[in-house]
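>
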Amino acid sequence: AEVEAVMSSFAVTWDYRCPFARNAHEHILTGLADGAGWDVRFLPFSLGQAHVEEGGVSVWDDPSQDTGILALQAGVVVRDEFPERFPAVHRGLFAARHDEGLHLEDRAVVEKVLTAAGVPSEEVFARIDSGEALERVRREHEQYVASHTVWGVPTFIVGDEAVFVRLMDRAPEGSDPAPSRRAIERIIDMITGWPELNEFKHTVVRR
998 AEVEAVMSSF AVTWDYRCPF ARNAHEHILT GLADGAGWDV RFLPFSLGQA HVEEGGVSVW
1058 DDPSQDTGIL ALQAGVVVRD EFPERFPAVH RGLFAARHDE GLHLEDRAVV EKVLTAAGVP
1118 SEEVFARIDS GEALERVRRE HEQYVASHTV WGVPTFIVGD EAVFVRLMDR APEGSDPAPS
1178 RRAIERIIDM ITGWPELNEF KHTVVRR
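Below, the structure written as structure tokens:
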């Protein structure tokens, strides 16, 4: 009898402004679209809040100071309420920032991505304008800072382990899924199977 593959369950943080978050999330989305057996929890993490000086005004109290928080809120609302559209919106917001060089604090930019993905933007902005979306982002951000000492993106979380990972290559839509599946499986395998490895970083990026 065939042995059924064990599903990998993991969480991964994101902020749309980070190119390394873009790389990792493209690989995850490419693998999932190919039917990879992963149970993934996408976790919002505000880089703006992570860089607030001690005693400073938090992003939660003054969202306008953080250029990424609008898009992050939109991503969370789509994740929770329009999950079938989330991959398209997730890719679209990363692309708006990194491929098109657009400003994610611009509502028109976020609205365009939502509309292109078939998401009713007015419903998403209603959640943002009511403060509900920001509360969701804050709750999850603070939960994983407290439980796993998360400080950046993308951080992969498996059980009690949390590891910050930088992948140097991308996986745009339409990419061969094999390298993406292999990359993510390797990451999860190292987190779960080799916790003794704390840091592994090339001194020179050859590209």
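Going letter by letter, the sequence shown gives residues 998 to 1204 in the working numbering. Where is the CB? At the ideal position from N, CA and C, for every residue including glycine.
Evaluate the contact criterion for the region 1180 to 1192 versus the region 1076 to 1088: three or more CB pairs, one atom per stretch, below 8 Å.
no
> On a CA-only basis, which of 1138, 1140, 1022, 1005 is nearest residue 1166? Give me that one, please.
Here residue 1166 refers to the residue found at position 169 of the sequence shown. Considering only alpha carbons, the answer is 1022.
> In this structure, how does DSSP classify residue 1139 when only helix, strand and coil are distinguished?
Within the sequence shown, the letter at position 142 stands for residue 1139. In the structure shown, residue 1139 sits in a helix (DSSP, three-state: H, G or I).
> If I measure Cβ to Cβ from residue 1071 and keep anything under 6 Å in the same chain, skipping five residues before and after, which residues do I get?
Within the sequence shown, residue 1071 is the residue found at index 74, counting from 1. Closer than 6 Å at the Cβ level, and outside the excluded window around residue 1071, lie 1107, 1121.
> Compare the C-alpha of residue 1029 against each of 1194, 1187, 1056, 1168 and name the closest.
As a first step, residue 1029 must be located in the sequence shown, where it is residue number 32. The option with the nearest alpha carbon to residue 1029 is 1168.
> If you reduce the DSSP assignment to three classes, tell me which class residue 1010 lands in.
As a position in the sequence shown, residue 1010 is number 13, starting the count at 1. If DSSP states are grouped into helix, strand and coil, residue 1010 belongs with the strands.
> Relative to the alpha-carbon of residue 1119, which residue among 1074, 1043, 1174, 1049 has its alpha-carbon at the smallest distance?
Sequence index remark: in the sequence shown, residue 1119 carries index 122 (1-based). Residue 1119 has its Cα closest to that of 1074, out of 1074, 1043, 1174, 1049.
> Could you check whether the region 1033 to 1041 touches the region 1004 to 1024, counting it as contact only if at least three pairs of C-beta atoms, one from each stretch, sit closer than 8 Å?
yes
> Runs of 4 residues minimum, wholly inside the region 1049 to 1116: which ones carry the alpha helix (DSSP H) assignment?
1066 to 1078, 1083 to 1095, 1104 to 1113
> Under the rule that 16 or more other beta-carbon atoms within 10 Å means buried, what is residue 1063, buried or exposed?
Locating residue 1063 in the sequence shown gives position 66, counting from the first residue. So residue 1063 ends up on the buried side.
> Tell me, please, whether the region 1039 to 1056 touches the region 1128 to 1140 by the rule of three or more beta-carbon pairs shorter than 8 Å.
yes
> How is residue 1017 classed by DSSP in three states: helix, strand or coil?
One-based indexing of the sequence shown puts residue 1017 at position 20. Correct three-state label for residue 1017: helix.
> State the beta-bridge partners of residue 1040 as determined by DSSP.
Within the sequence shown, the letter at position 43 stands for residue 1040. Paired residue(s): 1010.
> Under three-state DSSP, which class holds residue 1152?
In the sequence shown, the residue the question calls residue 1152 occupies position 155. In this structure, residue 1152 counts as strand in the three-state DSSP scheme.
> By the 10 Å Cβ neighbour count, where 16 or more other Cβ atoms means buried, how is residue 1212 classified, buried or exposed?
An answer regarding residue 1212 cannot be provided, because it is not within the stretch 998 to 1204 covered by the chain.
> Grab the span of the beta strand (DSSP E) containing residue 1122 for me, first residue to last.
Reading the sequence shown from its first residue, position 125 is the one you call residue 1122. Counting along the chain, residue 1122 falls outside any beta strand (DSSP E), though it belongs to the alpha helix (DSSP H) covering 1118 to 1126.
> Round the Cβ separation of residue 1027 and residue 1177 to the nearest angstrom and send it over; I've been treating them as touching at under 8 Å.
Residue mapping note: residue 1027 aligns to position 30 of the sequence shown, counting from 1. Residue mapping note: residue 1177 aligns to position 180 of the sequence shown, counting from 1. With a Cβ gap of about 4 Å, residue 1027 and residue 1177 count as contacting.
> Using 8 Å as the threshold, is the region 1149 to 1166 in touch with the region 1013 to 1022, meaning 3 or more CB pairs across them?
As far as the Cβ criterion goes, the region 1149 to 1166 touches the region 1013 to 1022, which means the pair count is three or higher.
> When the Cα atoms are used, what is the spatial distance from residue 999 to residue 1156?
Start at 1 with the first residue of the sequence shown, and residue 999 comes out as number 2. Start at 1 with the first residue of the sequence shown, and residue 1156 comes out as number 159. Any reading at residue 999 must be qualified, since the residue scores a pLDDT of 43, below 50, and its modelled position is unreliable; no value is offered.
> Expressed to the nearest angstrom, what Euclidean distance is found between the alpha-carbon atoms of residue 1171 and residue 1116?
In the sequence shown, counting from the first residue as 1, residue 1171 sits at position 174. In the sequence shown, counting from the first residue as 1, residue 1116 sits at position 119. When rounded, the distance between both Cα atoms is 22 Å.
> Does DSSP put residue 1172 in a helix, a strand or coil?
Stepping through the sequence shown from its first residue, residue 1172 is reached at position 175. Coil at residue 1172, not helix or strand.
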